[in-house]
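Here's the structure we're looking at; comments come further down.
Chains as they are written, first to last, in the numbering used here: chain A, 50 to 455; chain B, 50 to 455.
Here it is in structure tokens:
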């Protein structure tokens with residue numbers, strides 16, 4: 050593994066809320082269909098899944114945006130649904146319809162059969178990709194690993210694909226909340242194991258995408274999404290693996306408690322068996338994992354919960370564009386770094402408009418705090434889209450960097 | 050026209066924040082495809098538009114949910130896109146794809162050709178439907194008229210139909226903000242004329258649907274949606290028609306001011322010519338129109354702006370399910386009534402779950418204020434969907450009424 054010092058460590062410094070020479074920027078879905086070279090690799094691979102499951106191709110597309118733009122981070126090319134796929138749900142893609150599962154989870158029997166996948170076997174292709182990308186990056190910029198959030202993964206697992214109204218998972222949430230909590234507990238264990246394994250394989254920052262938390266009413270968000278995000282933050286710091294801590298901090302749903310800790314115990318030994326749990330054990334011992342591998346919790350529609358997310362144990366909160374950075378910073382002041390939050394649709398504007406809106410975001414963040422941009426990672430409020438112009442993306446990245454960080 | 054006294058005036062009382070015997074409830078899209086009798090009428094009509102444009106059929110489907118459920122209001126069956134259709138954009142529907150316009154608005158020349166439609170001619174079918182429904186209701190419950198918000202109508206007018214990312218209107222917003230403001234000014238005039246005409250024809254409550262305001266970043270919402278909502282509230286109270294008031298309260302976008310007032314002047318005489326402006330003139334004189342025909346501003350994603358909406362001059366704010374009624378009431382306390390806000394997906398739950406969530410909403414509202422439910426109109430946070438069970442809707446309505454209002 051290459052040395053942990055970087056030629057460009059502005060992302061890591063910003064996530065630790067240390068001063069930087071220029072505000073770091075990366076973009077969700079920066080490796081994607083808007084790039085002709087991505088489309089070429091995908092055509093060669095034959096399918097999205099083939100590309101994601103072949104470490105050399107995943108590495109290739111991960112590095113493509115870095116060759117074009119002055120980005121401050123690489124993010125693993127993968128899909129949030131690799132985890133449920135490894136749990137046996139059978140992920141497949143229908144052109145123009147998005148992801149689907151052959152075996153959606155609908156019953157108590159379905160949930161009972163779910164188990165944390167063996168990271169070294171079923172998800173080895175992801176860890177191999179992480180290790181390969183890290184090697185190829187040669188320390189240029191940090192590598193971000195990621196996972197979907199438990200609630201978001203559960204949405205796909207239960208609906209069997211994307212959804213407009215989340216009718217099936219919401220019916221389960223209302224009618225069988227304990228069943229949904231059992232599913233979320235297993236998925237949370239899997240996410241912790243998955244992120245721990247990515248960290249062990251070389252990921253230097255971890256991000257959780259809670260894409261669908263924002264479809265929940267506040268009392269449902271606080272019961273079915275937020276506690277599992279907090280459990281991930283604790284789990285990655287080691288404390289979540291300890292029986293006593295899980296009990297003391299257990300803010301999970303009604304069926305948390307003892308059962309949850311048993312599952313976590315199972316998960317821990319599973320990772321140990323897979324030989325990928327060493328980082329976790331080390332973290333438990335020296336307790337400084339948090340600053341070593343920062344965790345970013347991104348959530349679409351998470352603005353109402355910024356105070357709670359800031360107290361969850363994560364290092365940074367990624368926000369969408371429906372809150373000003375000024376408000377977001379004021380409400381989380383001093384507790385976490387922030388990542389965001391340009392409306393992705395700004396990329397449909399002219400280069401002048403993009404520069405203007407980038408500056409506005411940077412200035413908004415400064416206004417919400419001490420006038421500096423310490424603790425800011427610039428990003429979009431959501432991902433890039435296939436019809437966006439790469440030259441506009443270049444303009445955005447350069448506009449961030451040309452604005453002084455303080 | 051029938052007398053203005055009602056057998057059931059709980060909606061009007063709640064909107065005026067007066068005590069009621071039971072909390073009034075109506076549901077967005079209560080006349081819709083989830084009802085077999087609606088599907089039968091639609092099949093007979095041949096198309097959605099034929100149904101909306103034939104007053105007898107519009108009246109028939111408006112009354113259908115009232116025959117089934119103990120609802121406290123009727124809402125005109127129509128579509129928010131009747132106004133742009135009347136402006137010459139050519140509304141049509143493609144099965145499974147939603148509404149489309151033959152002539153979307155893309156250029157300065159397109160915007161220059163837009164004019165406020167003649168309510169008595171191009172939108173006569175709507176006014177005839179309002180008058181007929183009002184007659185058929187015979188005072189049983191109040192009749193709600195409605196319009197789309199300027200921003201929401203502009204989304205459809207510019208995109209040419211529905212959109213996932215609002216790329217075209219957001220590009221115009223960023224690159225040609227003055228052009229978009231010109232469009233929004235004309236549409237706002239049309240909305241004021243449209244709602245005034247519905248009021249004159251017999252509508253006893255008016256609601257504006259800002260379906261897409263929530264896709265905007267806060268600074269864009271405050272420039273391109275909120276000011277036009279406030280202008281509608283003023284316009285319906287008459288003050289918006291007076292030069293001095295429009296000048297004094299003008300919080301509109303950069304190109305508001307003199308031009309805007311000219312347009313309002315034009316609009317006023319146009320309504321006068323159409324013979325439907327009498328109610329407006331009367332309102333200007335006795336100044337009590339606000340309590341006579343209350344205005345509800347509903348907005349998906351409007352939770353961040355509740356304080357500002359409460360100060361807009363509207364009588365009530367309709368909120369989606371992404372904020373608790375407790376918070377919404379606390380933040381708007383004493384200024385407006387509130388309408389909402391059950392997650393529509395709760396209707397996919399069991400009858401027991403529906404009752405539980407209804408109670409939670411009612412109790413949440415009470416907790417946010419003085420412990421009473423004065424000033425609450427129960428509704429969903431968005432509309433009913435075609436796959437919902439009418440018996441679940443009945444359970445919801447009955448659960449609201451069986452819970453004491455205080």
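We put the beta carbon where it would ideally sit given N, CA and C, even for glycine.
Look at residue 273 of chain B here: in three-state DSSP terms it is helix. Per DSSP, residue 141 of chain A is one residue of the beta strand (DSSP E) stretching across 140-143. Contact holds between the segment 212-221 of chain B and the segment 395-411 of chain A, because three or more Cβ pairs, one in each stretch, are under 8 angstroms apart. Considered as a whole, the segment 218-263 of chain B harbours 226-250 as its complete alpha helix (DSSP H) runs of no fewer than 4 residues, in chain order. For the 8 angstroms CB-CB criterion, residue 417 of chain B and residue 376 of chain B form a contact. Rounded to the nearest whole angstrom, the C-alpha separation of residue 389 of chain A and residue 425 of chain A is 8 angstroms. Beta-carbon to beta-carbon, residue 277 of chain A and residue 199 of chain A are separated by about 4 angstroms, close enough to satisfy the 8 angstroms threshold.
In summary, residue 248 of chain B is buried, with 16 or more beta-carbon neighbours lying within 10 Å of its beta-carbon over all protein chains present.
Every alpha helix (DSSP H) stretch that sits fully inside the segment 149-224 of chain B and reaches 4 residues is listed by chain position as 157-161, 173-186, 199-208 and 216-224. The alpha-carbon of residue 411 of chain A is positioned some 19 angstroms away from that of residue 270 of chain B. Per DSSP, the continuous beta strand (DSSP E) segment holding residue 386 of chain A begins and ends at 386-391.
Taking a beta-carbon distance threshold of 8 angstroms, residue 452 of chain A does not count as an interface residue toward chain B. Secondary structure of residue 147 of chain B (DSSP, three-state): strand. For residue 345 of chain A, the secondary structure class from DSSP, reduced to helix, strand or coil, is strand. Residues of the segment 64-89 of chain B with a C-beta atom less than 9 angstroms from some C-beta of chain A do not occur. Against residue 227 of chain B, chain A offers no close residue; the least beta-carbon distance is about 13 angstroms (beta-carbon pairs closer than 9 angstroms).
The Cβ atoms of residue 415 of chain B and residue 385 of chain B do not sit closer than 8 angstroms to each other. Shown here is that no member of the segment 438-449 of chain B has a Cβ falling below 8 angstroms from a Cβ of chain A. Between residue 75 of chain A and the set A/121, A/85 and A/56, the nearest pair of CA atoms involves A/121. Listed as beta-bridge partners of residue 427 of chain A by DSSP are A/74 and A/389.
Cβ-Cβ distances below 7 angstroms link residue 91 of chain B to 97 and 100 in the same chain, with the five nearest sequence neighbours on each side left out; the list follows chain order. Under the 10 Å beta carbon count, residue 438 of chain A is surrounded by fewer than 16 other beta carbons and is classified as exposed.
With fewer than 16 other Cβ atoms from the protein chains shown falling within 10 Å of its own Cβ, residue 158 of chain A counts as exposed. Inter-segment contact for the segment 173-192 of chain B and the segment 255-271 of chain B is absent: fewer than three beta-carbon pairs are separated by less than 8 angstroms. The contact set of residue 395 of chain A on chain B, defined by CB atoms closer than 8 angstroms, consists of 219 and 223 in chain order. Apart from the 5 residues on each side of it in sequence, residue 126 of chain B sits with its Cβ closer than 6 angstroms to the Cβ of 80, 107, 110 and 111 in its chain, given in chain order. Contact check for residue 344 of chain B and residue 233 of chain B: beta-carbon distance about 18 angstroms, past the 8 angstroms limit, so the pair fails to qualify. Exclusion of the five residues before and after residue 261 of chain B leaves 201 and 204 as the residues of its chain whose Cβ lies within less than 6 angstroms of its Cβ. Bounds of the beta strand (DSSP E) holding residue 366 of chain B are 365-368. Residue 173 of chain B and residue 407 of chain B have their C-alpha atoms roughly 39 angstroms apart. For residue 56 of chain A, there is no enclosing alpha helix (DSSP H), as DSSP gives it neither H nor E.
One alpha carbon belongs to residue 381 of chain A, the other to residue 64 of chain A, and they sit about 14 angstroms apart. Any Cβ of chain B closer than 8 angstroms to the Cβ of residue 214 of chain A would place that residue at the interface, and such an atom is present. Where residue 444 of chain B is concerned, the enclosing alpha helix (DSSP H) starts and stops at 439-451.
Scanning chain B for C-beta atoms nearer than 9 angstroms to the C-beta of residue 372 of chain A yields 266, 267 and 353, reported in chain order. Look at residue 129 of chain B here: in three-state DSSP terms it is coil, with no helix or strand label.
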